[in-house]
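Take 584 as the starting number for the sequence shown in the working numbering and just add one per residue.
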Amino acid sequence: MDSRQSDKKPIMVTVDLEDWFQVENLRPLFPQETWDFCELRVERNVYMLLELFDACHVEATFFVLGWVAERCRGLVREIARSGHEIASHGYSHRLCGELEGVALGEDILASRELLQDITGEAPAGYRAPNFSITKELTDILGELGFAYDSSYNSFGLNSRYGRAEGLRQTAGGHLTAGSGILELPVSNLELMGRTVPWAGGGYFRFWPTVVFEHGVARILRKEGRYIFYCHPWEVDPAQPRCAHGIDRVSRFRHYLNLDRTMERLGHFFHRFQGSRFISCSRYLGVGRYERTCGDIPERSAAAQ
Ligand SMILES: [Zn+2]
Numbered sequence: 584m585d586s587r588q589s590d591k592k593p594i595m596v597t598v599d600l601e602d603w604f605q606v607e608n609l610r611p612l613f614p615q616e617t618w619d620f621c622e623l624r625v626e627r628n629v630y631m632l633l634e635l636f637d638a639c640h641v642e643a644t645f646f647v648l649g650w651v652a653e654r655c656r657g658l659v660r661e662i663a664r665s666g667h668e669i670a671s672h673g674y675s676h677r678l679c680g681e682l683e684g685v686a687l688g689e690d691i692l693a694s695r696e697l698l699q700d701i702t703g704e705a706p707a708g709y710r711a712p713n714f715s716i717t718k719e720l721t722d723i724l725g726e727l728g729f730a731y732d733s734s735y736n737s738f739g740l741n742s743r744y745g746r747a748e749g750l751r752q753t754a755g756g757h758l759t760a761g762s763g764i765l766e767l768p769v770s771n772l773e774l775m776g777r778t779v780p781w782a783g784g785g786y787f788r789f790w791p792t793v794v795f796e797h798g799v800a801r802i803l804r805k806e807g808r809y810i811f812y813c814h815p816w817e818v819d820p821a822q823p824r825c826a827h828g829i830d831r832v833s834r835f836r837h838y839l840n841l842d843r844t845m846e847r848l849g850h851f852f853h854r855f856q857g858s859r860f861i862s863c864s865r866y867l868g869v870g871r872y873e874r875t876c877g878d879i880p881e882r883s884a885a886a887q
């Protein structure tokens, strides 16, 4: 029952495209002024992911950081040419609550214009650094013309994650924010009345493969879809190691099982090979897929 029932359901594989020195765990060591002096390893890592996605027929969504896009324009073009969705991860990887309204809007707009300039298409989606969703964020995204946001993580115990306010259900079964944009939360596991983080990242590297995949099958059975996330630096065990200057938990979280991520991803894609690995835009019927979607009448009615 396990695999058969879940097999045709959509799985959205999302990649937060940033480099190893831009993650929150290492922020005390690498403030933005230092980024230009760090070794850029993101290109090689993304090409490895692209190869794996191609081999496993995965159409993914890349939430691209503007700072990286500016320096790796060819890479962003290559991702788009490979058939994946290009979405925005903002420009400077600051948590939403740290930027005041205007600065937050400018950060998002800068990345949006950059990505549009590179690919010729405005990104339909956005994901906040560390899932730091705020109501102000969803309002700004609505004003800027984004179709969806994927910044909500329902796991309540990570203090960096934002809280969702005012989200409600659409007729098509999606969530929407007050500003009218759709919200696509990453997936977690509900177990004995608790929310267990199960969407990817360090949690994907922590659990034994079989256990993690069992949880994904359970989410697919219950919710009919699964939204996963990972980062290019998670497939790079040779990245520079920082032994000092960060706390133990952050170090554990960042470096855990990096040498096994590629193998685990391959296993995961193989295990769910009968599912549909599709981009967030295609799943939601927004952006370039807007006119083909009958599921969200209030949005498609406005399209022309
Ligand atoms: Zn990020």
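All C-beta atoms in this analysis are idealised placements derived from N, C-alpha and C, irrespective of residue type, glycine included.
What you are looking at is a predicted structure, and each value in this text was computed from that prediction instead of being measured.
Could you check where the beta strand (DSSP E) with Y809 kicks off and where it finishes?
-> The continuous beta strand (DSSP E) containing Y809 extends over residues Y809 to C813.
DSSP state of V869, grouped into three classes?
-> V869: coil per DSSP, three-state reduction.
Just to check, is the beta-carbon of P712 closer than 7 Å to a non-hydrogen atom of ligand 1?
-> The answer is yes for P712.
In terms of residues, what are the limits of the beta strand (DSSP E) holding V647?
-> Boundaries of the beta strand (DSSP E) harbouring V647: T644 to V647, taken from the DSSP string.
Which first and last residues belong to the alpha helix (DSSP H) in which S694 is found?
-> In the DSSP annotation of this structure, the continuous segment of the alpha helix (DSSP H) that includes S694 starts and ends at G684 to T702.
Straight-line Cα distance separating L682 from E719 = Going by the C-alpha atoms only, they are around 10 Å apart.
Whole-angstrom distance between G828 and A760, CA atom to CA atom = The straight-line gap from Cα to Cα measures roughly 39 Å.
Over the uninterrupted beta strand (DSSP E) stretch that includes M595, give me the two end residues.
-> Per DSSP, M595 belongs to the beta strand (DSSP E) from P593 to L600.
Would you check if there are 3 or more beta carbon pairs closer than 8 Å linking the region 588-607 to the region 709-716?
-> Touching, per the Cβ criterion.
Taking only the alpha-carbon atoms, compute the straight-line gap between G776 and L767 and give it to the nearest angstrom.
-> Their backbone Cα atoms lie some 22 Å apart in a straight line.
Coil, strand or helix - A670 by DSSP = Three-state DSSP puts A670 in a strand.
According to DSSP, which residues form a beta bridge with Y731?
-> Beta bridge pairing from DSSP links Y731 with G708 and L765.
For T617, which residues of its own chain have a beta-carbon under 6 Å away from its beta-carbon, when the five flanking residues on both sides are left out?
-> Cβ within range, chain order: n/a, list empty.
Is V647 closer than 8 Å to I669 when the C-beta atoms are compared?
-> Against a cut-off of 8 Å, the Cβ pair of V647 and I669 comes out as a contact.
Based on the DSSP secondary-structure assignment, which residues constitute the bridge partners of T759?
-> Answer by DSSP bridge pairing, in chain order: R751 and L765.
Given G798, which residues of its chain have a CB within under 6 Å of its CB, disregarding the five upstream and five downstream residues?
-> Result list for G798: L772 and W781, in chain order.
Is the closest heavy atom of ligand 1 to the C-beta of H757 under 7 Å?
-> Every heavy atom of ligand 1 is 7 Å or more from the Cβ of H757, so no.
Determine the extent of the alpha helix (DSSP H) in which R660 is found, giving its start and end residues.
-> Counting along the chain, the alpha helix (DSSP H) containing R660 begins and ends at R656 to R664.
Contacts around V779, its chain only, beta-carbon distance under 7 Å, and the 5 residues preceding and following it disregarded = Once the five neighbours on either side are set aside, the close Cβ partners of V779 are N771 and L772.
What are the start and end residues of the alpha helix (DSSP H) that includes N628?
-> Note, N628: alpha helix (DSSP H), V625 to A638.
Can you name, in chain order, every residue of its own chain whose Cβ lies under 6 Å from the Cβ of C639, other than the five neighbours on each side?
-> Excluding sequence positions up to five before and after C639, its CB lies within less than 6 Å of the CB of F852, all in the same chain and listed in chain order.
Which first and last residues belong to the alpha helix (DSSP H) in which T844 is found?
-> T844 to R854 is the span of the alpha helix (DSSP H), which, as asked, contains T844.
Beta carbon of E601: closer than 7 Å to some heavy atom of ligand 1?
-> Because some heavy atom of ligand 1 lies under 7 Å away, the Cβ of E601 counts as near it: yes.
Using 8 Å as the Cβ pair cut-off and three pairs as the minimum, do the region 594-603 and the region 862-872 touch?
-> Verdict: yes, contact present.
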